[in-house]
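Worksheet for the structure shown next.
Chains as they are written, first to last, in our numbering: chain A, 168 to 625; chain B, 1130 to 1584.
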């Protein structure tokens, strides 16, 4: 049925609005430390995002949780300030400082009112160059992380990810929980913390982005004061590259939840693969694009099987996954998974239509400016672009890369990636795996999903 | 963040919302955002608010309805939220399921949320697409088309959402029971998403009746934040929304007064899926709207000093000095049309018990009531809260949300805008006065989530 087309705008071919000329300056300090800066004076605050290569996968065997523990301790006393004094000082100037560790990177964020810039950067510098690692702080943080580890084991969303990684990667470092286990946490000594900070928080593995009310000259001077005392070179272990086993597997953690939480994954693509951008667009059409995706249409809209179903790419430095996740009541897990597998196979076999691709492109190019609306989000984008070595002109080039993708590219990458027979599936709940609960189970179960998309610079 | 169709009030996410909200406005020491946002009213009674932020050529477009889960008829809980889902199903002009696809095709993101006192819909999109989303939002204000073919699967979706948020989450289940105990028969004691057995019975007709009664321009507020001025917005608002006729009387909300517990209540919930215990306590407290003017900002200052962050009293005592908790926090929920609440939660260390946490928390509260607070504590709390207003200005959506929530819960634009000034004026006496309101002769509801029990 043709409906009245009053929305004349809908029919226009969408031309992605040119991204506001984002003036990204490459600032190099007198001492040779580089940062990317966007000066933005209209709000009196400054955001700095920092990453060092070297994350949880660098934890020594038997001491999983080390990077995470360091990240929890850097603001627990530094220089001449103990933990209480350091944190009071931060609150007195209303600065916000946080550290965390993901698989490949150790990251930090500093936010400050522009007027308190000097003191905020001074405290940050103390945290990264002179952490005290005092025994009472170490034991307190160890106890707090111990609680996180224990509580994680009560959470279906955590359990399903842990089960997936163990099934998929065995004892590879990427399969270790970021916080470690009760045993590895207990094995971490003060010397390990000191050694990690000295070995990872260096200058040759450092990326910095800054957005806010600060000029290039002002930042240049601050960079040396803040980072200049770090050692020149980091020392990082080699992480073995890893790929997923073929043949597929389903792991079930039987727990008494009415809704099963399902995570499925197959081999993905590294960020520097020539097909990464086509894969990124393919993901949007399959399961990344919310209500514009095939899985959302088939699983949620048509059948009411789930509140949320989604897929995403997860490229790491030494591995790459394509994940999907869905939650549905136990009785309908098999039915839902059979639809998911069917949709993956269908896209692999038939590709997508030109209209689907065109719609995906107008969303992905048209929404790109939405990632650059806050100082915080701009800083995050610039850091991601640096970590992936995409180049300082990437913001200008990126929409062109999307536009250049064809339906043939999508068909090729769908065939490369979407292999339901290789899916590793983890389920937490009490799932009925029959594709049709009233019929004999004639399908062997496979796939499920992982975690979350994050702020990747795609 | 763009998690399709979510509820604003989630377990523990509510903490964040409450915190954000207390913090969202203005600041001291010359950091105030200048003049308050401009507002005007259309001929049909629809209110309009503009929050300029010209850093990027992007706008956040929101329509807020003055109706929420607390306005549902008993027996039909979940209807406000269910209708929120169904608003994406189509109109005479938009095919079922096309609303979000059209927004996406134009580079935009859209979503909606439901709370006790409001329901809101929004799109974030390039500025030049603003007329498109305004036209579509105006269209679905009165032209919604619903059929069982779309409605019934969506009801299953909502039941899955409830399973995800509450049935699968023992802490949320406990919070749900505690809310009912605190607010009694007041609708704030219900789950926003509704009770499972009542969601299951909601019909297309129920949704359309609710829609016809409450979705009318005189019951709605438009908020646009981002790269826009009032001068630019006014003609667009007149064109797309001003032309919609009122189709129902303006909704004057008259709800029963909350009847607070007459004595302290305790809910102990054992759950075999849980290995780590959780302790929670809710105290009756007025909302921002119902509080005395001089008390209004003091509740947030109290929450900050007592239990926000690592410099707070509860954290220092329970986590650092006594080493019995791994986390502890206090918060104030004032963004309610009717009454609010004050809350404290604590997590024990592994192997620790809840009784010692409770004893230690009560001792800290008693110490505060007896000994008062220091000048340093007051100054630090005011600084942190006022600075949060500046941080909030970094995000146009945060600003739009803060103003929308304030307006829907009975605050005036000027009160929201001048919030940091109110915080700056809070004195030690103010903090102690509201501390006595919260902690003296004010029966509370305590919740304990413990391992064990029947599966």
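Positions of the beta carbon are idealized from the N, C-alpha and C atoms, including for glycine.
With its beta carbon at least 7 angstroms from every one in chain B, residue 520(A) lies outside the interface. Comparing alpha-carbon positions, the option among 360(A), 286(A), 545(A), 411(A) lying closest to residue 334(A) turns out to be 411(A). Short of 7 angstroms from the beta carbon of residue 324(A), and not among the five residues preceding or following it, lie these beta carbons of its own chain, in chain order: 428.
Contact of residue 530(A) with chain B is assigned, a C-beta pair being separated by under 7 angstroms.
Under the DSSP assignment, residue 450(A) falls in the alpha helix (DSSP H) whose first and last residues are 443-450. Using a CB distance below 7 angstroms, the part of the region 199-210 of chain A facing chain B consists of 207, 209, 210, ordered along the chain. Its chain contains 194, 196 as the residues whose beta carbon lies nearer than 6 angstroms to that of residue 387(A), once the 5 sequence neighbours on both sides are disregarded; these appear in chain order. Look at residue 1165(B): its C-beta is not under 7 angstroms from any C-beta on chain A. The beta carbons of residue 1430(B) and residue 1560(B) sit closer together than 7 angstroms. In the three-state DSSP reduction, residue 1190(B) falls in the strand class (E or B). According to DSSP, residue 264(A) shares a beta bridge with 277(A).
Assigned with DSSP and collapsed to three states, residue 424(A) falls in coil, not helix or strand. Residue 1411(B) is a Cβ neighbour of residue 1470(B), given a cutoff of 7 angstroms.
When the Cα atoms are used, residue 547(A) and residue 1277(B) turn out to be separated by approximately 44 angstroms.
Residues of chain A whose Cβ lies closer than 7 angstroms to the Cβ of residue 1523(B) are, in chain order, 210, 212, 541, 542, 543. With contacts defined by Cβ atoms closer than 7 angstroms, residue 202(A) and residue 390(A) form a contacting pair. If you ignore the 5 residues before and after residue 304(A), its C-beta comes within less than 7 angstroms of the C-beta of 240, 243, 244, 250, all in its own chain and listed in chain order. Beta-bridge partners of residue 215(A) (DSSP): 277(A), 377(A). Shown here for residue 1312(B): same chain residues with a beta carbon closer than 6 angstroms to its own, the five before and five after excluded, namely 1318, 1387 in chain order. The beta carbon of residue 1565(B) sits closer than 7 angstroms to those of 1498, all from its chain and outside the five residues before and after it, given in chain order. For residue 1297(B), the chain A residues whose Cβ falls inside 7 angstroms of its Cβ are 323, 424, 425, 426, in order along the chain. Rounded to whole angstroms, the separation of the alpha carbons of residue 1195(B) and residue 1295(B) is 26 angstroms. Measuring C-alpha to C-alpha distances from residue 524(A) to each of 452(A), 504(A), 591(A), 494(A) identifies 452(A) as the nearest.
DSSP places residue 494(A) within a strand segment (E or B) once states are collapsed to three.
The C-beta of residue 524(A) comes no closer than 7 angstroms to any C-beta of chain B.
In summary, the residues of the region 1477-1492 of chain B whose CB is separated from some CB of chain A by less than 7 angstroms are 1478, 1479, in the order they occur in the chain.
Within chain B, no C-beta atom comes less than 8 angstroms from the C-beta of residue 547(A); the nearest is roughly 12 angstroms away. Contact with chain A is absent for residue 1329(B), since none of that chain's Cβ atoms lies less than 7 angstroms from the residue's Cβ. Sixteen is the threshold: when 16 or more other Cβ atoms of the shown chains lie within 10 Å of the Cβ of residue 1347(B), as they do, the residue is buried. Neighbours of residue 1404(B) across chain A, judged by C-beta separation under 9 angstroms: 317, 318, 320, 321. For residue 1358(B), no CB of chain A lies under 7 angstroms from its own CB, so it is not counted at the interface with that chain. Under the three-state reduction of DSSP, residue 416(A) is assigned to strand. Using a CB distance cut-off of 7 angstroms, residue 1282(B) counts as an interface residue toward chain A. For residue 1535(B), no chain A residue has a C-beta closer than 8 angstroms to its own C-beta; the minimum C-beta separation is roughly 20 angstroms. Beta-bridge partners assigned by DSSP to residue 1551(B): none are found. Taking C-beta separations shorter than 7 angstroms and ignoring five residues to either side along the sequence, the partners of residue 1243(B) in its chain run 1136, 1137, 1197, 1198, 1209, 1210, 1213, 1321, following chain order.
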